[in-house]
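Protein chains in written order, with our numbering: chain Y, 1 to 10; chain L, 1001 to 1217.
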Amino acid sequence: EDSSEDHDEL
Amino acid sequence: MNIFRLGGDMLHVVSIFLLLLKIQTSHSCAGLSLKTQILYMVVFSTRYLDLFFTKPWHSALTFYNTIMKILFLSSSAYTIYLMQKRYKHTYDKVHDTFRIQYLIAAAAVLALIFHLRLTVFEILWAFSVFLESVAILPQLFLLQETGEVENITSHYIFCLGGYRTLYIFNWVWRYFTEHRRNQWLAWGCGTVQTLIYADFFYYYILSRKQGKKLRLP
């Protein structure tokens, strides 16, 4: 699972 | 991207614009907490480390995020520069005495206990989320110390609170439309943060209704 997917907000 | 998220981000941009407008037009940073601004700088610089690893053109959303991250980081640094250098003589150092080292320490401890994955990147991200939820406290503390609040400063905090509120709607929206279930950290801290603003909202709306300047008890 790509962790950047979890943090796609500001 | 949904309307709540976009609206929230836009309010965040407006709040930064108001803050800089206030400093530039009045040639003063009176009533503003440098400690809150420093906390935001710490929040942005620990959260946006992915700027170094993400290709901005990966997708439209990444591009949008990259622009916003750079905007938040640079405006935050510029605000600190204005407060610490150019308008230093107007800075209310005597009343801006909130001990931010406790907030930073508490956020660090919480981040070491609660994080999504055990990596430096994820722990710093969690730290930034915990710290952001309390970053406005020195500003509210300063307003309470000095009693009266300038209109533009209250608009600034109002916009920041509005941005947080819209983010909650955004999370509810994404929970149902994208089935995002693993964001408990951002949701929990975001809710705490919004509750801190709610108290300010109450007095803000009261002062609007009475057509008076905002006064905190």
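C-beta: ideal position from N, C-alpha, C; glycine also.
Self-check item: chain Y within 8 Å of R1164/L, Cβ atoms only
Solution: Locating residue 1164/L in the second sequence gives position 164, where the first residue counts as 1. No, its Cβ sits nowhere closer than 8 Å to a Cβ of chain Y.
Quiz item: Rounded to the nearest angstrom, how far is the Cβ of S1133/L from that of Q1193/L, given a contact under 8 Å?
Solution: Counting from 1 along the second sequence, the entry for residue 1133/L is found at position 133. Counting from 1 along the second sequence, the entry for residue 1193/L is found at position 193. Going by Cβ atoms, the distance from S1133/L to Q1193/L rounds to 4 Å, so yes, they are a contact pair.
Quiz item: DSSP state of R1047/L, grouped into three classes?
Solution: Against the second sequence, residue 1047/L aligns to sequence position 47. It is helical.
Quiz item: Using the beta-carbon of each residue, which ones in chain Y are nearer than 8 Å to R1005/L?
Solution: Taking the first residue of the second sequence as 1, we reach residue 1005/L at position 5. Residues of chain Y passing the Cβ test: E9.
Quiz item: Name the chain Y residues that come within less than 9 Å of M1083/L, Cβ to Cβ?
Solution: If you number the second sequence from 1, residue 1083/L lands on position 83. Chain Y residues near M1083/L: none, gap ~23 Å exceeds 9 Å.
Quiz item: Can a CB atom of chain L be found closer than 8 Å to the CB of D6/Y?
Solution: Here the question's residue 6/Y lines up with position 6 in the first sequence. True, the Cβ-Cβ gap to chain L drops below 8 Å.
Quiz item: Closer than 8 Å, CB to CB, is K1069/L near chain Y or not?
Solution: Taking the second sequence and counting its residues from 1, one reaches residue 1069/L at position 69. Cβ-Cβ to chain Y under 8 Å: yes for K1069/L.
Quiz prompt | Cβ-based neighbour list, A1135/L, same chain, cut-off 7 Å, excluding 5 preceding and 5 following | solution = Residue numbering aside, residue 1135/L sits at position 135 when the second sequence is read from its first letter. Closer than 7 Å at the Cβ level, and outside the excluded window around A1135/L, lie T1036, L1039, Y1040, V1043.
Quiz item: At least one CB of chain Y closer than 8 Å to the CB of W1125/L: is that the case?
Solution: Translated into the one-based positions of the second sequence, residue 1125/L becomes position 125. True, the Cβ-Cβ gap to chain Y drops below 8 Å.
Quiz item: Is the shortest distance between the beta-carbon of L1110/L and the beta-carbons of chain Y less than 8 Å?
Solution: Here residue 1110/L is taken as the residue at index 110 of the second sequence, counted from 1. With 8 Å as the cut-off, L1110/L does not count as an interface residue toward chain Y.
Quiz item: Taking the continuous alpha helix (DSSP H) assigned at I1193/L, which residues delimit it?
Solution: Counting from 1 along the second sequence, the entry for residue 1193/L is found at position 193. At residue 1193/L the sequence reads Gln, which differs from the Ile that was named. That run of the alpha helix (DSSP H) goes 1184-1209.
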